[in-house]
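Visitor:
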Amino acid sequence: MKNNFKHIFSPLTINGMTLPNRVVMMPMGSDFAGHTGELSDEHIKYYELRARGGTGLIIVENVCVKYPEGSNGTTQLRIDKDCYIPRLFNLTEACHKYGACMGVQLNHAGASAMSSRIGMQPVSASNLPSKEGGEEPRPLTREELESIAKDYGAAARRAVNAGFDMVEIHAGHSYLISQFLSPTMNNRTDEFGGCAENRARFCRMVIDEVRTAVGPRVPISLRLSVDELVEGGNTVEDCLEYLEFLNDGVDMFDTSSALNPSIQYQIDANYLEDGWRSYMAKAVRDKFHKPTIAIGNIRNPQVAEDILARGDADLIGMGRGLIADPDWCNKARYGNVEDIRKCISCNIGCVGNRIGGNKPLRCTVNPDLINGEAYKKQKVNKPCNVVVVGAGTAGLEAACTAAEVGCHVTLLEKQDHVGGLSVEISRIPAKKRLADFPTYLKHRAESLENLTIKTGVDVTVDMIKSYSPDLVVNATGSVPLLPPIEGLHENLSKKDTGVYGIKDLMDNIPAFDKDMTGKKVIVIGGGAVGLDVVEFFAPRGAETTIIEMMPVIGKGLDASTTSSMKECMKKHSVTQLVNTALLKVNPHSFTVKRDGQEEELPFDYGFVCLGMKAHAPLWNDIVEGFEGEDTEILNIGDSVRARRIIDGTDAGRHMVLATLDRLGYL
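First residue of the sequence shown: 23, per this note's numbering; consecutive thereafter.
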């Protein structure tokens, strides 16, 4: 067996806890818990799968130490009563058998709680909201702070009793302790406000109570927003100053970043480079000489290895990377790096589902977070021929899934390559990480002997019939939506006009990737597609305007992407026109209607980005062609309705398996 990446896969002992390797699963909310705050069966299986995959240390998502006051989310885990210990013990027991060490993050939400959920006014260091538009919290008294600190201690005692090897105190990300540490949320004038020592005082109280509760031989980790990355917030230097008052009480530092207003740097935006936050871990490690965890879009094992080899950190924190592939460690150590299903930082199923959506954690690239690849244990009980039309991500997932359970699969693609729209979108520099998914799917498909891929094929029903299919899966994707607006079709992508669509940008990146200072760019459409165009041109100096017919730009986007969008708009002075309708497309201007008045807006580059629509040119022919025959047909992904990659991936896995099961093949 291979033994790759010697720094990643070397043990480390921290205050008596010996980790088998340097990979730490970061605490991430899942909404898998029951409404009572108790671990569910699927919750335990979710963490157990990551332990089985070789993760060295798993830090369970933040648990509430004081309910309901400190509750964060609709189904957050709780540890404020002894009745939660048995299920937590079941969790640690399930994960320990694979050699993983287990930690748990203790938290009080403070002003990040919502009165509609907790039934009371949120509390905090002072009366400053934790984010723009947030509720005004009530400042806590010293007596209340002493009581909450004891709640942390009691929670830590329960955690150790439940079998956890270490505990982590959450002091970042705009939660209660962070609200004391950060000048942006603390305007107190008593002993808990003002100078660094005062702002660190409550955190020190918590650390002391936790240490008293767990004793000297249980490691304590402190999670921090080392660089808050907001105006007036703590910088790295500020963090190092207040840590002087906390350092001797803890054993390791979990070096995160950001606050609620800069959440795109906490839950990393997709354009941020791999390992970009390691400078924070290095600063803390260099000053205090204690184990630190580096995080931040770390997907590639070589990036992780280099961070450790340079001495920037002692441990590598992975969150979404282990959601995407629970076997990351085993694949990196013993297998082929190409087998790793890398997170693409889209933040749709993880952030979008949970924050604001109140739905359980999901993943664009991993259709089953609980059972992993257990479906492969199922095999067809009789021959089954499957034809998949369209080799985008939905079609590739469907083809691979069917082949992995023993079907003979033929995948037909009109283009000369596989990957579909995701390959095209990844040509935009800020979206380059998206290419990792079709690359993984292609590698997975090519390893299956019973899966044949044919590209450059003009598919017909007769061609499909020639393979004698038992199941036909149509996954032909989507195309840009181009409604019958006056002048649009006459001017779009034509010589001597400045009117373009998203495909023009994706197909001609080098032509647009230049200094655009002094150029006027107008984007029609304030959805994800239009924002991709804005975020490409605005940083290149263009005088950029985005126009949206609805009252809100970016409706439905996840919290991280929304925050990133707002930052880009503000930084580059993007003009935002909402409640504005496109009436006519001219060669070098748009005619729009705003506030009841028509207006002509000239541009050098005008992009019409009104979203995508289903593209299923063969579907009706397939339905008619197989009418009366003993062949099942499915339409999946964007060819049903233009949505997101996550929807197609989910259908490619689960609809195909459910159909094979329903038809008696499994």
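Every residue, glycine too, gets a C-beta built ideally from N, C-alpha and C. These numbers were taken from a predicted model, which means no experiment stands behind them.
Just list the residues that DSSP pairs PRO624 with in beta bridges.
Guide: In the DSSP output, where bridge partners are listed per residue, PRO624 has SER611.
Visitor: Thinking C-beta only, is ASP484 closer than 8 Å to LYS436?
Guide: Not a contact, by the Cβ cut-off of 8 Å.
Visitor: Rounded to whole angstroms, what's the CA-CA distance from VAL495 to ASN657? Just pull it up for me.
Guide: Roughly 6 Å between the two C-alpha positions.
Visitor: Taking 8 Å as the CB-CB limit, is VAL240 close to chain C?
Guide: Absence of chain C from the displayed structure is noted, only one protein chain being present.
Visitor: Going by DSSP in three states, GLY414 sits in which element: helix, strand or coil?
Guide: In this structure, GLY414 counts as strand in the three-state DSSP scheme.
Visitor: For GLU622, tell me which candidate among SER582, GLY339, ILE569 has the shortest Cα-Cα distance.
Guide: Cα-wise, what sits closest to GLU622 is ILE569.
Visitor: Would you kindly check if the distance between the Cβ of THR567 and the Cβ of PHE559 is under 8 Å?
Guide: Their beta carbons are not under 8 Å apart, which means PHE559 does not touch THR567 by this criterion.
Visitor: Below 8 Å between beta carbons: does that hold for VAL240 and ASP249?
Guide: No, the pair does not count as a contact, with Cβ atoms beyond the cut-off.
Visitor: By the DSSP assignment, the beta strand (DSSP E) with SER278 in it spans what residues?
Guide: Start and end: 274–279.
Visitor: If you scan the region 556–608 from start to end, which runs of the beta strand (DSSP E) of 3 or more residues do you find wholly inside it?
Guide: With a minimum length of 3 residues, the continuous beta strand (DSSP E) runs that stay inside the region 556–608 are 565–569, 597–599, 602–608.
Visitor: With distances taken Cα to Cα, identify the nearest neighbour of SER586 among MET50, GLN288, ILE81.
Guide: Among MET50, GLN288, ILE81, the Cα nearest to that of SER586 belongs to GLN288.
Visitor: Can you round the beta-carbon distance between SER367 and ASN282 to whole angstroms, since I take them to be within the 8 Å contact cut?
Guide: Rounded, the Cβ-Cβ distance is 19 Å, inconsistent with contact.
Visitor: Does DSSP put ASP537 in a helix, a strand or coil?
Guide: The answer is coil: DSSP assigns ASP537 none of H, G, I, E or B.
Visitor: Alpha helix (DSSP H) containing ALA354: first to last residue?
Guide: Looking at the DSSP string, the run of the alpha helix (DSSP H) that includes ALA354 is 350–356.
Visitor: Could you give the distance in angstroms between the alpha-carbon of PHE625 and the alpha-carbon of VAL431?
Guide: Rounded to whole angstroms, PHE625 to VAL431 spans 49 Å at the Cα level.
Visitor: For GLY125, name the three-state secondary structure that DSSP assigns.
Guide: It is a strand residue.
Visitor: Assess, as a yes-or-no matter, whether the region 412–431 is touched by the region 509–524 under the definition of 3 or more beta carbon pairs within less than 8 Å.
Guide: Output reads no: the region 412–431 does not touch the region 509–524.
Visitor: Once the 5 residues before and after GLU419 are set aside, which same chain residues still bring their CB inside 6 Å of it?
Guide: So the qualifying residues of the chain are THR671, GLY674, ARG675.
Visitor: Run through DSSP, which three-state label would GLY674 get?
Guide: Of the three classes helix, strand and coil, the one that applies to GLY674 here is helix, per DSSP.
Visitor: May I have the straight-line CA-CA distance separating SER490 from ASP652, to the nearest angstrom?
Guide: Spanning the two alpha carbons is a distance of roughly 10 Å.
Visitor: Quick one: residues in its chain with C-beta nearer than 6 Å to the C-beta of SER196, no 5 flanking neighbours on either side, listed in chain order?
Guide: Correct list, in chain order: SER134, SER152, LEU281, ASN282.
Visitor: For GLU213, tell me which candidate among LEU162, TYR174, ALA193, ASP260 has the shortest Cα-Cα distance.
Guide: Nearest C-alpha to GLU213: LEU162.
Visitor: Rounding to the nearest angstrom, what Cα-Cα distance links GLY414 and THR602 in this structure?
Guide: For GLY414 and THR602, the distance between alpha carbons rounds to 34 Å.
Visitor: Which partner residues does VAL431 have in the DSSP bridge list?
Guide: According to DSSP, VAL431 bridges with VAL408, LEU473.
Visitor: Would you mind sorting ALA680 into buried or exposed? The rule is 16 or more other CB atoms within 10 Å of its CB.
Guide: ALA680 comes out exposed.
Visitor: If you draw a straight line from the alpha carbon of SER62 to that of ILE107, how long is it in whole angstroms?
Guide: Roughly 13 Å between the two C-alpha positions.
Visitor: Going by Cα to Cα distance, which pick from VAL545, ILE392, THR498 is closest to ALA638?
Guide: Of the candidates VAL545, ILE392, THR498, the one whose C-alpha sits nearest the C-alpha of ALA638 is THR498.
Visitor: Would the C-beta of TYR68 count as close to the ligand FAD, meaning under 7 Å from any of its heavy atoms?
Guide: With respect to the ligand FAD, the structure offers nothing, as it holds no ligand at all.
Visitor: How many Å lie between PRO389 and LEU79 at the Cα?
Guide: Looking at the two C-alpha atoms, the distance is approximately 24 Å.
Visitor: Which of the three DSSP states is assigned to LEU504 in this structure?
Guide: Of the three classes helix, strand and coil, the one that applies to LEU504 here is coil, per DSSP.
Visitor: Taking the Cβ atom as the reference point for each residue, do LEU167 and PHE111 lie within a distance shorter than 8 Å?
Guide: Not closer than 8 Å, so no.
Visitor: Based on Cα-Cα distance, which residue from ARG363, PHE612, ASP276 lies nearest to ILE546?
Guide: Among ARG363, PHE612, ASP276, the Cα nearest to that of ILE546 is on PHE612.
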